[in-house]
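The structure under discussion appears below in the form of structure tokens.
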Amino acid sequence: MVYDLSATKKDAEKIRSDIMGEQDAIIQYQAHIDESKSEEVREVLTHILNDEKEHTAELTKLLRKLDKVQDEKFKKEGL
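In this text, residue positions in the sequence shown follow numbering that gives the first Met the number 0: the first is 0, and each later residue adds one.
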């Protein structure tokens, strides 16, 4: 099977951008949770925050498949 390496590189770049977006959302939700006095708000936002963390993990797994150098760096760090 022949892979389109330029497509793979573009996909990896977009996945990295997606990971950054998820991380920004995590920071924003955590700040809102920390500032809220409402238990209901904190519960809902914590649920959403945990979803964002799952998205980050899923995207990182995909990035590792698309970028073998990145995957090797994760492995080197025991991740």
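Just so you know, even glycine gets a beta-carbon here, dropped at the ideal spot from N, CA and C.
The beta carbon of Y28 lies closer than 7 Å to those of L44, I47, L48 and E51 in the same chain, with the five residues before and after it left out.
Between the alpha carbons of K8 and S37 lies a gap of roughly 44 Å. Between T59 and E21, the gap from beta carbon to beta carbon reaches 7 Å or more.
One thing to note: L62 has its Cβ no nearer than 7 Å to the Cβ of I25. Here D17 has L58 as same chain residues with Cβ atoms under 6 Å from its own Cβ, once five neighbours each way along the sequence are excluded.
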